[in-house]
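Here's the structure we're looking at; comments come further down.
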Amino acid sequence: MDVIVNAINSIDAFIWGPPMIVMLLGSHLYLTFRTRFIQRKIPTAIRLSVTKDPDAPGDISQFGALTTALSATIGTGNIVGVGTAILAGGPGAVLWMWLTGVFGIATKYAETYAAVKYRVEDHNGNMLGGAMYAWKRAFKREDGSTPWWALLGAGAFALFTVIASFGIGSAVQSSAMTSIITSNAPGVPAWGIGLAVVIMVSLVIFGGIKFISSVCEKLVPFMAIAYAWGCIVIIGMNWEFVWPAICLIFECAFTPKAAFGGAVGSGLMLALQFGCARGLFSNESGLGSAPIVASAASTRNPARQALVSMTGTFWDTVVICALTGIVLVSTMLANPEIMEQGIISAGADLTSAAFASIPYIGTPILVIGMILFAYSTILGWSYYGNRCVTYLFGKNAIRPYQVLYVLVAFLGAIGVGDVVWTVSDITNALMAVPNIIVVLLLSGMIARETKHYVWEHNLDEVDEAPIPKLEAK
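Given below as C-alpha cells:
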C-alpha cells in the first residue's frame, strides 16, 4: 500500500511541477496579449457583477454565478496555501502568487467566454456549459457530427472534473473542517462532525443550482469581508513592519536571499515555483471550473459574464491572497521568535500565529472563517461535478452522484480522505490540459468578439445566436 501511495504522491508532485506552471502561466500571458490586456476592464467588470440582467437567458444572476464560483475558489488555499508558499519558497512567493492572479484574470475571462458562447439548454430549460460543451460544439462539422478528438477533449475534461470534485471539493474540505474543530474542541467526535457536514451539505446541494447560488450569494460576501477585516486589523497592529514586509517580498522574489535565519525557503526558483503553483491552485484560472457555473448566469452576451467571472480571480488572488501574504510576512518580522523557536512548521501554524495576535477574537475569526470557506467550497464543487456527470451519463446520474458526494464528505471528515485527495489533486491539474487547449484553439474567436463587445463599446448588445437544446441521453 505504501508503494502505491508513494507512487501517487510522486505523480502529483510531477504534474503540479514546472510543466504545469509553464503551461498555465504561459497561457495567462498569451491570453492577456490576445485580449488586449482585458485586466484594464476590472472596474467595469465589478460594476457588471452587481448589475442584474433579468431579461437575458439564464438560471441565476451574474452575481450569483460569481459568488458560487468564488465559494469554490476562496478557501483554505487563500489562508493556509499562502503560508505554505512562504515557508517553502520564501516571502518572494507572495509576489509571484499575486502576479499569477493578475495575468490569470485574462485566462478566466477567455475560458468563461468560450463556456457561455457554447452553452446549451437541457430538457428543463436549465443552462449547461463548460469546456466539455465548448469542445463538442465549437468544432462541429457541417453534417452535425463532432470529430473524435473533440469528443475526447470534452470527455476527458468532464471525467477529470468529476473525480477531482470528490477530493478537492468534498473529502479534503470536510477533513479540514474536522481538523479545525477538533483542534479547538478536542471532545467533539469526528463522526459527529462528518454527520453534521453531510446534513448541511445535503440541505443545499439537493436543491439545485438556484438554491446553491442563493446560499453562496449570502455566505461568500460575509465570510470574505470578515476575513479581510481580520487581515486589515493585523496589518494595522503590525503597521511599522508593513513596508519592510513589502520590500522583503519584492527582494526575495528576484534575488536569492535566506529569510528569517534560513527557517523558510529561499532562492528565485523556489519563490517562482511555489508562488506560481499556489497562486494557480488558489484562483483556478485555467482549470475550467468557474466557467461551468458561469454558463448558468443570465447574461445578454458572453462578454458580459466573462468580465464578471474574471473579477473572481481579482478578489481571490489579487486582493485576498495579497492581504494574507502581507499579514504573514509582517507578523514574521514583528515576531521573529516564532521562527527562531521552531514553532512554525506548516502554513496553518503560521496563519494561526498571525490571527492569534488579535486579542480574544483573532482565533475565533480564523476558525469560523476556515469552516465557512471549507463548507462553501463543498457547495461550489458539488455543482461542477453535477454538471460534468450530466454531460457524461445524463440527468439520471445526478442523484447517485450527489449521494456519493456527501458520502465522500463524511469519509473525509473521519480521516479516510488522504489518498482521495492526492488522486483528485492530480485530476484537478489534468482538468487544465483539455481546458487550456480548447481555449487556445478558440483564442482567435475570443479576441475578435472581445474587440467587438468590449473595446468597441457594445456590451449592451444582445447575442442573437440561438441556444441549442441538449441532445437526449
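In the numbering used here, the protein residues as written are 10 to 482.
For each residue, glycine too, the CB sits at the ideal point set by N, CA and C.
Since this is a predicted model, take the numbers as computed values, not measurements.
One Cα belongs to P311, the other to G153, and the distance between them is close to 23 Å. The continuous alpha helix (DSSP H) containing Y414 extends over residues I407 to A422.
K478 carries a strand assignment under DSSP once its states are collapsed to helix, strand and coil. A distance below 8 Å separates the beta carbons of T340 and I243. Between the alpha carbons of D131 and M319 lies a gap of roughly 26 Å. In the displayed model, I69 falls within a strand according to three-state DSSP. The beta carbons of G297 and G139 sit closer together than 8 Å. V376 carries a helical assignment under DSSP once its states are collapsed to helix, strand and coil. Cα atoms of E470 and K126: separation of roughly 14 Å, rounded to the nearest angstrom. Between the segment 369-384 and the segment 88-107 there are three or more inter-stretch CB-CB distances shorter than 8 Å, so the stretches are counted as touching. Close CB contacts of A167 within its chain, under the 6 Å cut and outside five residues either way in sequence, are with M141, C397, Y400 and L401 (chain order). According to the DSSP assignment, W144 belongs to the alpha helix (DSSP H) that extends over A140 to A147. A97 sits in a helix when the DSSP states are folded into three classes. The residue from N135, T60 and V412 with its alpha-carbon nearest to that of K478 is N135.
For P27, the enclosing alpha helix (DSSP H) starts and ends at P27 to R43.
The Cβ neighbour count for A159, taken over all protein chains shown within 10 Å, is at least 16; the residue is labelled buried.
Contact between L33 and L289 holds: CB atoms are separated by about 5 Å, below the 8 Å threshold.
Assignment of A194 by DSSP, reduced to helix, strand and coil, places it in the coil class.
Cβ-Cβ separation between G371 and F382: approximately 16 Å, too far for a contact (criterion under 8 Å). Annotation for V338: the continuous alpha helix (DSSP H) segment containing it runs A331 to A343. The Cβ-Cβ distance between V417 and S179 falls below 8 Å.
R43 is the residue among V103, A406 and R43 whose C-alpha sits nearest the C-alpha of I114. With fewer than 16 other Cβ atoms inside 10 Å of its own Cβ, C256 counts as exposed.
DSSP, reduced to helix, strand and coil, places E120 within a helical segment of the structure shown.
The C-alpha of W464 is placed about 15 Å away from the C-alpha of L40. Y462 and A456 have their C-alpha atoms spaced approximately 10 Å apart. Counting every other CB atom within 10 Å of its CB across the protein chains shown gives T264 a total below 16, marking it as exposed.
The Cβ neighbour count for F250, taken over all protein chains shown within 10 Å, is at least 16; the residue is labelled buried. With distances taken between CA atoms, S307 lies nearest to S58 out of P27, S58 and G92. For W157, the enclosing alpha helix (DSSP H) begins and ends at W157 to A173. The closest CA to that of I374, considering only A124, A173, C240 and A143, is found on C240. Using a 10 angstroms sphere on the CB of V412, the tally of other CB atoms stays under 16, which defines it as exposed.
Straight-line spacing of the CA atoms in K460 and R128 works out to 21 Å. Annotated three-state conformation of L388 is helix, per DSSP. One Cα belongs to L96, the other to I258, and the distance between them is close to 13 Å. Comparing alpha carbon positions, the residue from V327, T326, T360 and I329 closest to V338 is T360.
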